[in-house]
Amino acid sequence: MDMQVSFLDRLFESGLLIDTGVDGLYGRSGEFEDVIAAFERLIDRTGGGDGAEAIRFPPGMNRAYFEKSGYMKSFPQLAGTVHSFCGNDHDHLGLLQCMEEGNEWTKEQKATDIALTPAACYPLYPTIAKRGPISMKGGLYDLQSYCFRHEPSKDPARQQLFRMREYVCMGTEAHVTEFRQTWMDRGVEMMKSVGLDVEIDVANDPFFGRAGRLLANNQRDQNLKFELLIPVTSQTKKTACMSFNYHQDAFGSKWGLNLEDGSVAHTACVGFGLERIALALFAQHGLDTKLWPENVRKVLWG
Ligand code: 5GP
Ligand code: ZN
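Take the position in the sequence shown, starting the count at 1, then add 155; the result is the number in my numbering.
In structure tokens, the structure reads:
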């Protein structure tokens, strides 16, 4: 933890991250953003030839879709919902008085139709399902979104609002598992090309509670999730900077994603944790991008 705090302090001192007073909620400097933009161009160069359809959703999603996704069953501890004041003049006076007295005022806030997006791909499945059957050639989508997860931490690599770039593939089992393997290979090559030390390992999502342990074990046993790990604040406890997820036909069945032959689509997604990748680069090459190794600068900025 000390290493994490000291790295966070150095990021604040250098101005790369900006303290907001909330752990895991940071501003980013122009230089930090420039690294993310450069890395996204590397992603574009690597995946651009695949013909993915680019779609950008805002960082909030339809709460009805969020509920249907089952997120509250698996990860209630991470979820964020948007609440607003929905009262009349009289309620407003009560609200201001409550705040004036320093009392808890948020209890009266009402849930809106928006939940914060927990992973960039969540709004995609219902969107594609509405379009009707997916071509037998499969569907490929390029997404990027800020995502929210309620897990305050002093580890700069664990943020509450962070960006995820994703490619999502829908098709047959063979198609989507090949897509996932292709990106595991590409991910390793991309990270090596920017001077990062990488390792791929089987992983699980942080399913909640006792029942969650079973789900996590099952996910591991079936090799459904892999992560690309890079040392950021620790050589021994490395940070997941990419994940490679095979959902089998779980999302296909849930959302009614069918292929043209009537079979249920399998899906897989590959996620880049953009802040984590930038932090891995700063940890490896130093806090001044002008002093990064020439070969790394060339890959990122040409
Ligand atoms: P996953 O859906 O696999 O949990 O997340 C996809 C990717 O988003 C992860 O591999 C990681 O790079 C990034 N990510 C997940 N959680 C966090 C977090 O708390 N903070 C940051 N900065 N990135 C995260
Ligand atoms: Zn995803």
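By construction, the Cβ of each residue, glycine as well, lies at the ideal position given by its N, Cα and C atoms. Computed from a predicted structure; not experimentally measured.
Express the C-alpha separation of Q252 and V237 in angstroms, rounding to a whole number. Against the sequence shown, residue 237 aligns to sequence position 82. Against the sequence shown, residue 252 aligns to sequence position 97. In a straight line, the C-alpha of V237 is about 23 Å away from that of Q252.
Is DSSP giving F427 helix, strand or coil here? On the sequence shown, residue 427 is found 272 positions in, with the first residue counted as 1. Three-state result, F427: strand.
Please state whether the Cβ-Cβ distance between T327 and A420 is less than 9 Å. Along the sequence shown, read from residue 1 onward, the residue named residue 327 stands at position 172. Along the sequence shown, read from residue 1 onward, the residue named residue 420 stands at position 265. A420 sits close to T327, with the two beta carbons spaced by under 9 Å.
Go through its chain and collect everything with a Cβ distance to A312's Cβ below 7 Å, but skip five positions before and after it. Mapped onto the sequence shown, residue 312 falls at position 157. The answer, listed in chain order, is V387, T388, T394, R431, L434.
Per DSSP, which residues does A209 bridge with? Please list them. In the sequence shown, residue 209 corresponds to position 54, counting from 1. DSSP output for A209 lists D297 as bridge partner(s).
Alpha carbon to alpha carbon, how far is C424 from T175? Give it in angstroms, no decimals. Against the sequence shown, residue 175 aligns to sequence position 20. Against the sequence shown, residue 424 aligns to sequence position 269. For T175 and C424, the distance between alpha carbons rounds to 32 Å.
Unbroken beta strand (DSSP E) runs of length 3 or more, entirely within the region 235-303: which are they? As far as the region 235-303 is concerned, its whole beta strand (DSSP E) runs of at least 3 residues are 236-239, 265-271, 294-303.
Mark A284 as exposed unless 16 or more other C-beta atoms lie within 10 angstroms of its C-beta, in which case mark it buried. Sequence index remark: in the sequence shown, residue 284 carries index 129 (1-based). Taking all protein chains in view, the Cβ of A284 is crowded by 16 or more other Cβ atoms within 10 Å, so the residue is classified as buried.
Measuring alpha carbon to alpha carbon, tell me which residue in M339, N258, R211 is nearest Y113. Examination of residue 113 is not possible in this model, given that the chain is present from 156 through 457 alone.
Endpoints, the alpha helix (DSSP H) within which F194 is located: As a first step, residue 194 is located in the sequence shown; it is residue number 39 there, counting from the start. Residues 185-202.
Please find out if some non-hydrogen atom of ligand 1 comes closer than 8 Å to the beta-carbon of C324. The residue you call residue 324 lines up with position 169 of the sequence shown. C324: no, Cβ never under 8 Å from ligand 1.
By the DSSP assignment, the alpha helix (DSSP H) with D157 in it spans what residues? Taking the first residue of the sequence shown as position 1, residue 157 is located at position 2. Where D157 is concerned, the enclosing alpha helix (DSSP H) stretches over 157-169.
I'd like the span of the alpha helix (DSSP H) that includes F381, first residue to last. As a first step, residue 381 is located in the sequence shown; it is residue number 226 there, counting from the start. Note, F381: premise wrong, no alpha helix (DSSP H); beta strand (DSSP E) at 380-385.
Let me check you understand the geometry: is the CB of A274 closer than 8 Å to at least one non-hydrogen atom of ligand 2? Taking the sequence shown and counting its residues from 1, one reaches residue 274 at position 119. Correct: A274 has its Cβ closer than 8 Å to ligand 2.
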